[in-house]
Amino acid sequence: MASSPANDAPWRLIDEVEFGRDVAVHSFTNLYGCRIGDETRIGPFVEIQRGVAVGPRCKIQSHTFICTGVVIEEDVFVGHGVMFINDRYPRATTSAGDLKSDADWKLEPTTVERGAAIGSGAVVLGGLRIGAGALVGAGAVVTRDVAAGSIVTGNPAREHRPSNPS
Amino acid sequence: MASSPANDAPWRLIDEVEFGRDVAVHSFTNLYGCRIGDETRIGPFVEIQRGVAVGPRCKIQSHTFICTGVVIEEDVFVGHGVMFINDRYPRATTSAGDLKSDADWKLEPTTVERGAAIGSGAVVLGGLRIGAGALVGAGAVVTRDVAAGSIVTGNPAREHRPSNPS
Amino acid sequence: MASSPANDAPWRLIDEVEFGRDVAVHSFTNLYGCRIGDETRIGPFVEIQRGVAVGPRCKIQSHTFICTGVVIEEDVFVGHGVMFINDRYPRATTSAGDLKSDADWKLEPTTVERGAAIGSGAVVLGGLRIGAGALVGAGAVVTRDVAAGSIVTGNPAREHRPSNPS
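Residue numbers (the numbering used here), protein chains in the order written: chain A, 812 to 977; chain B, 812 to 977; chain C, 812 to 977.
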């Protein structure tokens with residue numbers, strides 16, 4: 812599509828990406844093998860890996876990393892500096908001392924359901940589901956599923972109960 | 812000013828930025844509509860948004876994001892990978908299903924007072940004041956004001972009481 | 812060495828780096844004055860500072876910052892968005908009000924021993940040793956030494972005791 816983001820803009824690496832209409836991709840980005848839905852906006856310093864699907868009308872903010880195995884539905888906000896994970900026990904090398912390859916680990920897929928929001932600096936472990944409309948607080952480390960409509964904060968992330976009603 | 816950083820250096824996006832004297836801006840940066848004071852240094856992979864004011868003699872380290880609504884006074888250290896926030900309840904879209912625009916949210920401004928230091932990996936929520944000379948520990952998630960001269964750590968950040976005097 | 816990464820690839824800053832054989836360095840990287848061992852892979856949006864030594868067969872993932880004073884042995888995994896630290900009390904300026912220089916602070920060196928893995932979003936304070944084969948959980952803030960073979964999580968990081976055996 813003529814109007815899609817492409818490598819002719821300054822300092823973007825875009826390789827085999829399927830764009831919907833009116834997608835905006837900032838400079839200093841590395842996207843490959845993924846799908847980005849209509850009207851979604853991708854900030855600077857973002858990497859999105861092969862196989863990721865991002866729905867329409869999402870905001871993926873700066874400094875965020877979205878790994879293979881992540882599905883982001885429509886109307887999702889992903890804040891700045893959010894790190895997704897797909898490997899529970901990462902290692903550089905196999906027990907035999909070779910660099911790990913795609914055959915040497917188990918992918919743990921994660922889904923972020925429609926309308927959810929993930930605060931800046933959050934870390935989302937693999938194999939999880941973040942329910943529709945949920946809010947993950949800034950800096951939270953998400954180690955369990957998050958129920959639809961709930962708010963979680965902290966490390967590890969727990970259901971949020973304000974300690975100070977002010 | 813002839814000696815100011817500009818887009819002719821490799822891989823910087825600098826748009827409508829007002830620089831003091833002897834400012835250093837590294838490559839891989841995205842600065843727009845902000846003011847940067849004398850002798851301040853900006854590391855790589857940094858974004859500073861419209862309306863931000865950074866005082867003189869500050870260090871803004873790599874991978875840090877400073878959003879609209881943040882004021883950083885003089886002599887402030889902002890570590891690596893620090894994320895500021897200006898929106899308490901971020902969403903990608905309005906309840907009507909449209910992408911949120913500037914009219915659809917309430918800006919919560921934050922001030923970092925003179926001589927404060929914010930450790931690497933910290934997350935600073937919106938609407939806060941970090942007092943003069945305060946130290947925010949690395950990885951802290953700041954959800955309340957920080958008193959001048961105090962040290963806060965943890966998630967959420969609390970006044971620091973060393974558990975081990977060694 | 813003819814096959815080593817160099818500045819002729821798109822958008823990399825590589826200055827006085829000593830590479831082993833078969834090193835891969837992605838775009839959007841800033842490496843200077845460091846050594847990188849055989850077969851090690853460096854992701855995008857990574858900065859590695861002067862004096863750092865990274866061993867062979869390591870993976871340094873995207874958005875990670877490795878500061879002066881860090882030694883990473885062989886077969887180490889460093890996840891995405893990991894921040895190392897070498898200065899316990901960072902400040903922008905000296906008490907005399909001058910910008911701090913190399914003479915105005917005490918470097919606290921850190922070693923990550925062979926086969927360790929550091930999860931994404933972790934923050935590692937200075938002056939520490941992360942033992943061989945240890946696993947630092949995603950989002951952990953490491954403030955003490957980590958014993959070889961152990962698993963630590965949380966902020967501050969503590970030995971991990973699963974609360975749910977499933």
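For each residue, glycine too, the CB sits at the ideal point set by N, CA and C. Bear in mind that the values here come from a model prediction, so they are computed numbers and not experimental data.
By the rule that beta-carbons nearer than 8 Å mark a contact, Pro-855 of chain C touches chain A. A straight line joining the alpha-carbon of Asp-826 of chain C with that of Tyr-843 of chain C spans about 5 Å. Close to Ser-873 of chain B, with beta-carbon spacing below 7 Å, are these residues of chain C in chain order: Glu-858 and Phe-876. Of all residues in the stretch 908–942 of chain A, only Gly-926, Ala-928, Gly-930, Ser-931 and Gly-932 come within less than 8 Å of chain B when Cβ atoms are compared, listed by chain position. The stretch 865–879 of chain B and the stretch 845–855 of chain B touch, with three or more beta-carbon pairs separated by less than 8 Å.
Among the residues of chain B, those whose CB is under 7 Å from the CB of Val-887 of chain A are Ala-903, following chain order.
Only buried fits Ala-927 of chain C, as 16 or more other CB atoms lie within 10 angstroms of its CB. DSSP places Asp-915 of chain B in the helix class (H, G or I) of the three-state scheme. At least 8 Å separates the beta-carbon of Gly-930 of chain B from that of Gly-944 of chain B. For Asn-966 of chain C, a Cβ of chain A is located within less than 8 Å of the residue's own Cβ.
Within the DSSP bridge table, the entry for Asp-826 of chain B names B:Tyr-843 as partners.
With a threshold of 16 other beta carbon atoms within 10 Å, Asp-909 of chain B falls short and is exposed.
Residue nearest to Glu-924 of chain B within the set B:Thr-904, B:Ser-838 and B:Val-957 is B:Val-957 (criterion: CA-CA distance). When rounded, the separation of the alpha-carbon atoms in Glu-885 of chain C and Ala-907 of chain A is 13 Å. Between the beta-carbon of Val-889 of chain A and that of Ile-883 of chain A there is about 7 Å, and that keeps the pair under the 8 Å contact cut.
Ala-958 of chain A is outside the set of residues whose beta carbon lies under 8 Å from a beta carbon in chain B. Residues of chain A whose Cβ lies closer than 8 Å to the Cβ of Gly-848 of chain C do not exist, since the nearest Cβ in that chain is about 11 Å away. Around the beta carbon of Ser-912 of chain C, a 10 Å sphere encloses fewer than 16 other beta carbons of the protein chains shown; the residue is thus reported as exposed. Annotation: Thr-840 of chain B to Val-934 of chain A spans about 23 Å, alpha carbon to alpha carbon. For a cut-off of 8 Å, the C-beta gap from Ala-864 of chain A to Arg-846 of chain A is around 5 Å, short enough to register as a contact. Taking 8 Å as the cut-off, the beta carbon of Val-887 of chain A is found no closer than this to the beta carbon of Ser-873 of chain A. Within 10 angstroms of the beta-carbon of Arg-823 of chain A lie 16 or more other beta-carbons, which makes it buried.
Around the CB of Gly-960 of chain B, fewer than 16 other CB atoms lie within 10 Å, so the residue is classed as exposed.
Ranked by how close their Cα comes to the Cα of Ile-941 of chain C, the residues C:His-837, C:Ile-962, C:Val-952 and C:Thr-922 have C:Thr-922 in first place. Apart from the 5 residues on each side of it in sequence, Thr-964 of chain C sits with its Cβ closer than 6 Å to the Cβ of Gly-948, Ala-951 and His-971 in its chain, given in chain order.
At least one C-beta of chain C is nearer than 8 Å to the C-beta of His-891 of chain B. Excluding sequence positions up to five before and after Glu-829 of chain A, its CB lies within less than 6 Å of the CB of Arg-846, all in the same chain and listed in chain order.
At a C-beta separation below 7 Å, Ala-817 of chain A has no neighbours in chain B, since its nearest C-beta there lies roughly 18 Å away.
Secondary structure note for Ile-896 of chain C: it is in no beta strand (DSSP E), with a DSSP letter that is neither H nor E.
Nearest C-alpha to Leu-918 of chain B among B:Pro-967, B:Arg-861 and B:Ala-968: B:Arg-861. Tyr-843 of chain B is outside the set of residues whose beta carbon lies under 8 Å from a beta carbon in chain A. Using beta-carbon distances, Leu-824 of chain C counts as an interface residue toward chain B, with a partner under 8 Å.
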